[in-house]
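Undergrad: Below is one structure. I have some questions about it.
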Amino acid sequence: MTHQIIMAGFGGQGVMSMGKILVEAGLKEGKNVSWLPSYGPEMRGGTANCSVIISEEPVGAPTVTEATAAIVMNRPSLDKFEKDVIPGGDLLINSSLIDKKATRDDINVYYVPANEIANDMGSGKIANMVMLGAYLKITGAAKEDTIMEYIAEVFSGKKASVVPLNKEALKRGADCIK
Amino acid sequence: MTHQIIMAGFGGQGVMSMGKILVEAGLKEGKNVSWLPSYGPEMRGGTANCSVIISEEPVGAPTVTEATAAIVMNRPSLDKFEKDVIPGGDLLINSSLIDKKATRDDINVYYVPANEIANDMGSGKIANMVMLGAYLKITGAAKEDTIMEYIAEVFSGKKASVVPLNKEALKRGADCIK
Amino acid sequence: MAGKVTFDENRCKGCELCTTVCPVKIVIMDKDKINIKGYHPATVKEMDKCIACGSCARMCPDVVITVEKL
Amino acid sequence: MAGKVTFDENRCKGCELCTTVCPVKIVIMDKDKINIKGYHPATVKEMDKCIACGSCARMCPDVVITVEKL
Amino acid sequence: MAIVFQKTKGLTEKQTHYCPGCTHGIIHRLVAESLEELGLLDKAIGVAPVGCSVFAYDYFSCDMQEASHGRAPACATGIKRVHPDSAVFTYQGDGDLASIGAAEIVHAAMRGEKFTTIFVNNAIYGMTGGQMAPTTLIGQKATTAPLGRDENHAGMPLRVSEMLATIPKAVFVERVSVHDVPNIMKAKKAIKKAFEIQMKGLGFGIVEVLSTCSTNWGKTPVEALKWLKENMIPYYPIQNFRNPEEVK
Amino acid sequence: MAIVFQKTKGLTEKQTHYCPGCTHGIIHRLVAESLEELGLLDKAIGVAPVGCSVFAYDYFSCDMQEASHGRAPACATGIKRVHPDSAVFTYQGDGDLASIGAAEIVHAAMRGEKFTTIFVNNAIYGMTGGQMAPTTLIGQKATTAPLGRDENHAGMPLRVSEMLATIPKAVFVERVSVHDVPNIMKAKKAIKKAFEIQMKGLGFGIVEVLSTCSTNWGKTPVEALKWLKENMIPYYPIQNFRNPEEVK
Amino acid sequence: MAKELWKGNEAIAEAAIKAGCKYFFGYPITPQNEIPEYMALKLPQEGGCFLQAESEVAAINMVYGAAGAGARVMTSSSSPGISLKQEGISYIAGAELPCVIVNIVRGGPGLGSIQPAQSDYFQATKGGGHGDYRMIVLAPASVQEAVDLVQEAFDIADQYRNPVMVMGDGMIGQMMEPVEFVEIPKRQLPEKDWATTGLRGRKEHNVINSLYIEASQCDKHNEDLFAKYAKMEETEIRCEEYNLEGAEIVFAAYGTVARIVKNAIKSLEKEGIKAGLIRPITLWPFPKANFLKAADMPNVKAFLSVEMSMGQMVEDVELSVKGKKPVYFYGKAGGAIPTPKAIVEEAKKILGGAK
Amino acid sequence: MAKELWKGNEAIAEAAIKAGCKYFFGYPITPQNEIPEYMALKLPQEGGCFLQAESEVAAINMVYGAAGAGARVMTSSSSPGISLKQEGISYIAGAELPCVIVNIVRGGPGLGSIQPAQSDYFQATKGGGHGDYRMIVLAPASVQEAVDLVQEAFDIADQYRNPVMVMGDGMIGQMMEPVEFVEIPKRQLPEKDWATTGLRGRKEHNVINSLYIEASQCDKHNEDLFAKYAKMEETEIRCEEYNLEGAEIVFAAYGTVARIVKNAIKSLEKEGIKAGLIRPITLWPFPKANFLKAADMPNVKAFLSVEMSMGQMVEDVELSVKGKKPVYFYGKAGGAIPTPKAIVEEAKKILGGAK
Ligand SMILES: Cc1ncc(C[n+]2csc(CCOP(=O)(O)OP(=O)(O)O)c2C)c(N)n1
Ligand SMILES: Cc1ncc(C[n+]2csc(CCOP(=O)(O)OP(=O)(O)O)c2C)c(N)n1
Ligand code: SF4
Ligand code: SF4
Ligand code: SF4
Ligand code: SF4
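So this is what it looks like as structure tokens:
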């Protein structure tokens with residue numbers, strides 16, 4: 001199975017690092033991976049997205065034009081990327097900031113109130129991890145354990161305190177998916 | 001007949017203007033003409049040369065690699081251009097400044113003491129006109145009258161006084177050719 | 001010398017510069033609102049204190065503010 | 001304090017700069033000679049007047065001149 | 001009811017792409033207001049640089065050209081020689097003007113080109129993400145000076161106004177800042193004066209405006225204003241360096 | 001019998017292509033003598049410009065690079081950063097340094113690159129045949145200023161030393177001339193000092209040398225020296241502008 | 001007007017002035033210095049403006065500014081200087097500004113020599129600057145043709161809002177030949193309503209720009225540019241065909257080299273060998289059809305591209321001939337000039353081998 | 001060493017350092033900024049020197065100086081900046097100096113867009129600078145390949161005393177992929193006894209130069225250069241062939257586009273259409289023989305060059321194929337990226353038409 005994911009949102013919502021964490025985990029699990037960011041002269045707070053691929057086979061195009069899944073963190077991202085999900089693919093919508101519904105019915109749509117959950121956990125910044133948790137639950141693109149292994153590596157020593165928070169966020173996200 | 005002439009000497013010896021005068025006269029006589037100078041970072045007093053073509057037919061290459069005649073005003077020019085004269089062509093040597101003789105015997109060689117004649121006339125600067133006079137006598141590439149017509153046009157008004165001097169130089173040059 | 005300050009709310013980028021220059025300190029960020037760009041916009045709560053000095057408008061990099069003298 | 005001035009004649013470009021700086025005015029152009037480059041080279045005719053100051057050599061742009069003190 | 005302050009006609013309705021609190025916006029406005037107040041909008045031609053203000057052509061309502069990086073003064077020279085009665089200005093960042101375009105600004109000044117340069121000195125490359133500029137202060141961090149600018153390696157920051165003030169035909173050279181309202185007023189005055197001098201045909205005029213880049217300085221907009229005041233002004237004094245009166 | 005003056009080992013045997021009386025020859029010699037006297041010939045690397053001195057690589061006996069037009073300071077920067085213990089110098093004309101290469105020289109100065117620039121100001125483009133230089137005097141004729149330089153059209157001549165002297169890391173800036181023997185001696189002293197400063201690692205040093213171009217000035221070599229003295233020196237005063245003592 | 005002798009560079013400058021060029025920005029470089037020098041003297045007399053820029057980089061950007069302001073404007077340089085203009089040319093093409101750029105080519109690479117060469121063919125025709133763009137490149141073979149083409153170049157530039165390059169070699173610039181200035185029929189040209197003149201009452205501001213931050217818009221812009229280029233390819237190709245009838249070998253040569261080749265053709269004729277010449281006058285758009293037609297002629301055994309380079313145009317000849325006949329190359333580089341004799345030898349060698 | 005995730009630009013910088021690059025001179029420009037930024041941090045730690053130049057023009061001339069002084073040196077930029085370096089590159093090629101130049105290409109012309117593109121192919125392979133010269137141009141398709149090629153690039157440069165360009169697009173620079181740094185076998189390299197190091201006891205002074213004032217000498221110099229280039233063409237060509245057996249259509253694509261094409265090939269396969277790919281890894285020297293061989297395969301009906309440009313490499317494909325089979329082009333420009341779907345459509349259209 002090849003996972004081709006688009007992740008998109010405002011700058012500051014952590015979509016780039018969400019993608020990076022996922023490919024790091026993919027690599028740990030011995031998959032072929034690639035991560036391609038959008039780039040440009042965006043003002044602070046502008047929009048940002050990345051294309052992530054996790055696959056058993058060598059990665060062909062690093063661009064994702066036919067997404068197996070899209071994770072959209074804000075409204076402009078929904079408008080832009082809904083059409084790129086393949087029929088039968090998954091669309092994860094951050095319902096905390098997006099009041100609009102998806103318009104397609106040939107895809108699986110999930111509404112995750114990521115900011116609400118994150119705020120509820122006391123840190124608005126980990127809304128991205130909530131979404132990632134939901135995504136992992138849906139697709140199994142990587143194991144939660146591998147993700148946590150990577151996070152533990154990055155946040156070691158003094159920063160280790162944030163590790164449980166991230167774990168919790170993944171879980172709360174997963175819980176949204178029934 | 002196509003005249004393809006190389007004129008060469010030190011900068012300051014007037015080889016460039018000798019060529020220009022000749023092509024101006026050629027044009028006046030309705031011929032096809034071209035004049036191509038050497039150019040480069042030469043110090044004052046360095047060597048200079050030009051390729052002149054006068055022809056009944058349209059001028060092909062403006063470069064002269066097979067010269068019907070060469071007029072050499074100094075020693076380095078003799079060394080450089082003697083070989084470029086076609087068999088049966090003419091080589092005019094300024095014998096005032098060049099003590100060497102030509103080495104080829106398949107060409108017509110003329111020794112013209114141009115500087116001596118010019119100095120004798122009181123103006124070392126018209127050695128070029130002496131050489132031109134000799135060349136015209138040999139080849140008839142242009143008529144002396146046309147040359148003088150052009151010179152009269154250029155040196156009109158106050159400068160007209162030099163016209164007779166030029167005429168005399170052409171004549172004295174021609175006189176060298178028996 | 002009362003003044004009226006109007007904010008073109010959706011132009012506001014929430015930078016807070018205007019809040020630092022108001023001599024009577026009435027320009028504040030409206031934490032209850034989020035504008036179209038996703039920022040808390042600036043606003044004036046006690047408009048009657050405004051002396052129409054124009055400072056906030058002159059400081060704003062995004063020509064959000066219009067100031068009138070009543 | 002006598003001096004000896006030697007000219008590397010064929011390097012000379014006949015510019016005459018050396019002639020202008022000699023304090024005893026003995027550096028002149030040799031109008032009777034033409035060097036390999038086609039110039040009248042500079043020379044000193046009354047060498048005994050030379051005070052070995054080196055000025056001509058220092059002025060020459062073409063390192064034509066060597067000056068010795070006898 | 002009288003208008004104390006409203007948006008000038010010199011700016012279009014387009015909202016800028018600048019980061020929140022970026023003082024580029026203030027400086028744009030001062031230029032636009034000056035043009036409007038002097039009645040020059042109808043014959044103004046602006047030149048946008050390559051830098052954060054690359055889209056300035058969308059924001060000014062007068063005719064505009066987008067120049068290549070650093071070459072705005074050359075571009076403006078071409079324009080002004082064609083339309084000598086126009087009010088021509090370049091709007092350039094410090095990377096654009098003081099680094100890649102150093103030759104062009106020096107020579108526009110030397111020739112006394114009759115246009116006005118607005119030189120936005122924010123001590124960093126904004127658009128490309130915080131690289132060191134010629135104006136970056138000693139010790140200031142930048143992505144290409146990760147340990148801070150080291151004077152033994154990268155030299156001392158270039159004081160452009162001081163340098164250009166040695167050029168006879170740079171008849172108006174002034175450094176201003178926009179970190180508070182009084183300075184904004186002074187900046188406006190200098191910019192307006194520069195345009196007046198241009199229209200009188202007296203020579204080249206440049207206004208260096210100290211500006212912030214909170215994003216690449218890693219500060220909030222409010223902190224950035226303070227940093228400008230405390231760090232930039234001591235090295236880049238706010239001062240008039242040349243005045244046309246002097247050169248008469 | 002003692003040698004008062006003989007050809008330095010810093011020059012090759014090759015005869016120069018310079019016009020008769022061209023003072024490039026004198027300046028070459030002063031540089032070569034300085035290197036020899038300071039014992040630097042063995043670790044000197046020179047950079048020739050594009051200009052009449054383009055063949056300088058044939059005349060200096062040390063290692064040499066031929067740079068592209070105006071970029072000698074960039075080239076020298078590359079060299080010096082690789083061989084910090086070398087004595088690196090650029091030899092540049094006024095078209096090369098002050099026109100096309102203006103940004104490169106300003107930035108070498110700003111960075112305080114530890115090399116020495118010999119700047120030959122002859123107020124004209126020599127090699128290409130007498131076009132106007134940034135240093136051409138007002139009224140002076142040039143092939144691209146056939147009626148003489150007009151300040152309203154082409155501005156006032158650029159005083160490079162004065163301009164560079166505003167840059168902190170340009171620790172040694174001096175203007176000299178070679179129109180007579182006393183000035184030649186002074187010029188030599190300045191050049192030697194510049195190399196000493198380089199070897200001490202104090203910063204960037206430049207010696208501007210007023211020079212003649214009799215060919216393109218349309219004068220005899222002797223007349224040209226006089227013209228330099230009477231016309232260039234009043235506008236380009238012979239002076240030391242910066243000394244490392246000052247900057248300490 | 002009677003024929004007068006003109007030096008190529010000066011004739012080019014005069015032709016530009018006659019075509020209404022009022023602005024010239026340039027920087028000295030051999031062998032084109034007579035162009036700026038002539039302009040310095042004459043443009044002010046015509047109410048125009050000559051300015052010596054601080055560099056070629058500045059010059060091309062002054063051209064950008066002046067062209068954007070609506071003027072007829074020209075710059076000229078030679079090879080190294082043209083290299084420095086590449087970024088600017090790409091901007092001018094991207095912003096669709098009309099101007100004329102003269103390159104009097106000299107030997108390279110690097111400082112090279114300053115003698116005549118044709119080694120900037122690729123740079124001119126394929127785009128030495130970044131991105132996809134094209135210039136019309138005109139290659140005169142005589143001073144007269146230079147004069148005619150320069151005059152028309154300004155019209156072509158204005159018609160398409162595109163830079164036009166006139167490319168000669170050092171010989172074209174330096175030689176003197178008889179010239180008659182004949183007025184070129186003016187084209188019907190669109191108004192420059194896009195120029196930045198100051199609003200002066202206009203409602204919408206004009207913007208000169210080559211930035212399209214959205215990739216899709218930039219792609220569209222490229223499509224538009226190439227639609228324009230396709231139009232140029234349809235209508236602007238020029239080419240001289242010489243002696244093709246019955247030719248066993250067809251030379252490809254442009255500029256002064258074509259004249260040297262004509263000498264060679266005459267020599268070959270004397271030896272009983274029929275040779276012809278296709279001389280592209282527009283190097284871009286390239287006269288592909290002419291070559292293809294010749295390739296289909298049964299008498300033609302081979303093509304020989306003769307250039308003052310190590311082989312550049314020869315690729316376009318190959319592309320045109322599509323493998324139908326063998327294509328050979330002969331050239332001299334670095335400022336050396338092929339002689340008619342050497343060309344004759346080369347042709348005979350090929351015909352010997354191509355039997 | 002295990003595989004690690006690296007961003008392309010940073011991986012390129014690290015690879016250069018691993019290859020012994022000690023000097024880097026550059027100027028900021030998107031999308032390659034991570035290269036200078038990485039160098040700024042890491043080179044000083046390696047006892048090397050990173051310097052931000054005042055411009056691309058200065059940067060390439062610093063490279064010239066440092067390369068001439070005998071150092072391993074690199075610069076990087078993106079399209080407009082590379083245009084500004086053209087004069088310097090021509091000098092470096094003319095003076096035969098080894099160095100590595102990275103171009104992370106973005107959409108043009110002019111300021112264009114800053115998105116990934118391949119529109120500097122002509123500039124890189126035909127010579128965007130003046131004069132006749134060539135660079136080896138390496139085009140990696142993945143971050144791993146970028147790492148490997150950059151490391152080898154320094155050896156190639158030193159072996160031939162020639163600039164080597166590594167050309168990627170914005171995607172190569174910006175994307176993150178797993179990388180393993182494997183040491184590349186070192187080549188036997190000649191001593192740099194020509195470098196200007198200061199005499200330091202040496203008898204003859206060394207001179208770095210590209211000026212040959214006599215045309216005949218400059219011609220000779222060009223002949224020498226081209227003899228060297230011929231050697232490169234003999235030994236340095238690299239190319240990936242993929243799925244050629246039985247292919248009805250052969251794609252030509254390089255860099256990341258080749259990967260997109262591979263996706264398309266898989267899609268075509270699903271529809272029962274056999275398609276192959278020739279991916280030039282060296283854009284110059286171009287793998288002509290590979291294409292010619294494919295053209296001679298009876299199953300191959302057509303070639304389709306897919307590029308992020310308006311059509312540049314396609315000319316080299318045509319030149320290689322020599323008219324034996326039709327050559328088509330499909331591309332997107334200005335930063336737009338072709339999709340596998342569109343490529344599939346295009347291929348089907350051609351096979352429909354090419355029957
Ligand atoms: C020739 C060229 N080089 C580099 C760039 C990349 N670039 C874009 S903006 C910029 C610098 C911006 O800095 P500055 O001029 O200080 O303006 P700011 O963004 O800070 O306002 C650079 C280097 C470019 N577009 N073109
Ligand atoms: C890029 C480039 N532009 C222009 C030239 C032509 N050129 C050669 S020397 C020179 C100027 C020489 O003048 P200057 O620097 O004053 O030195 P001088 O000859 O007077 O000693 C110029 C413009 C060139 N070789 N390269
Ligand atoms: S200064 Fe302007 S943009 Fe910033 S918070 Fe105030 S109103 Fe909003
Ligand atoms: S200064 Fe030198 S070159 Fe000039 S005349 Fe005297 S010796 Fe000869
Ligand atoms: S990056 Fe800096 S200069 Fe650019 S818009 Fe943001 S704050 Fe302003
Ligand atoms: S042209 Fe001028 S600078 Fe050049 S060698 Fe002659 S006199 Fe000297």
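Chains as they are written, first to last, in the numbering used here: chain Y, 1 to 178; chain U, 1 to 178; chain D, 1 to 70; chain E, 1 to 70; chain C, 1 to 248; chain X, 1 to 248; chain G, 1 to 355; chain W, 1 to 355. Backbone N, C-alpha and C fix where the C-beta goes; we use that ideal spot for every residue, glycine too. Keep in mind the model is a prediction, meaning the values are calculated, not measured.
1) Using alpha carbons as the reference points, say which of G:V300, G:H205, G:A13 and G:G173 lies closest to R245 of chain G.
2) Tell me the rounded alpha-carbon separation between C22 of chain C and G157 of chain Y.
3) Does the stretch 10-20 of chain X touch the stretch 163-174 of chain W, meaning 3 or more C-beta pairs lie closer than 8 Å?
4) List in chain order: all unbroken alpha helix (DSSP H) runs of 4+ residues lying wholly within the stretch 204-262 of chain W.
5) With the cut-off set at 9 Å, would you say K125 of chain Y and M176 of chain W are in Cβ contact?
6) Are at least three pairs of beta-carbons, each pair with one atom in the stretch 59-67 of chain W and one in the stretch 71-88 of chain X, less than 8 Å apart?
7) If I measure Cβ to Cβ from L78 of chain Y and keep anything under 7 Å in the same chain, skipping five residues before and after, which residues do I get?
8) Is A61 of chain U helix, strand or coil by DSSP?
9) Which same chain residues, not among the five before or five after K13 of chain E, have their C-beta less than 7 Å away from its C-beta?
10) Please return the same chain residues whose Cβ sits closer than 7 Å to the Cβ of L149 of chain W, not counting the five positions on each side in sequence.
11) What does G68 of chain W touch in chain X if you count any residue whose Cβ is under 8 Å from its own?
12) Check whether the stretch 141-159 of chain Y touches the stretch 100-115 of chain Y, taking contact to mean three or more Cβ pairs, one atom from each stretch, closer than 8 Å.
13) Which same chain residues end up closer than 8 Å to M29 of chain D when comparing Cβ atoms and leaving out the 5 residues on each side of it in sequence?
14) Check whether the Cβ of N152 of chain X lies closer than 9 Å to any Cβ atom in chain C.
15) If you follow the beta strand (DSSP E) that F90 of chain U is in, where does it begin and where does it stop?
16) Go ahead and label E307 of chain W buried or exposed: buried means 16 or more other beta carbons lie within 10 angstroms of its beta carbon, across all protein chains shown.
17) Which residues of chain U have a Cβ atom closer than 7 Å to the Cβ of N243 of chain G, listed in chain order?
18) Helix, strand or coil: which one does DSSP assign to G93 of chain X?
19) Can you find at least 3 beta carbon pairs, one from the stretch 62-76 of chain G and one from the stretch 40-47 of chain G, that sit closer than 8 Å?
20) Buried or exposed for V182 of chain G, going by 16 or more other Cβ atoms inside 10 Å?
TA: Short version:
1) It is Glu, not Arg, that sits at residue 245 of chain G in the sequence shown. The option with the nearest alpha carbon to E245 of chain G is G:V300.
2) Spanning the alpha carbons of C22 of chain C and G157 of chain Y requires a straight line of approximately 36 Å.
3) Output reads no: the stretch 10-20 of chain X does not touch the stretch 163-174 of chain W.
4) 215-235
5) no
6) yes
7) V72, I93, I98 and K100
8) Coil, per DSSP.
9) The answer, listed in chain order, is K37, Y39 and D62.
10) L138, P140 and V166
11) The contacting residues are Q65, C75, G78 and I79.
12) No: fewer than three Cβ pairs fall under 8 Å.
13) Closer than 8 Å at Cβ, skipping near neighbours: G14, E16, T19, H40, P41, A42 and T43.
14) yes
15) Checking the displayed sequence, the identity of residue 90 of chain U turns out to be Asp instead of Phe. D90 of chain U -> beta strand (DSSP E) spans V85 to N94.
16) buried
17) In chain order: nothing, as chain U lies at least about 13 Å away.
18) strand
19) As far as the Cβ criterion goes, the stretch 62-76 of chain G does not touch the stretch 40-47 of chain G, which means the pair count is below three.
20) Exposed: under 16 other Cβ atoms inside 10 Å.
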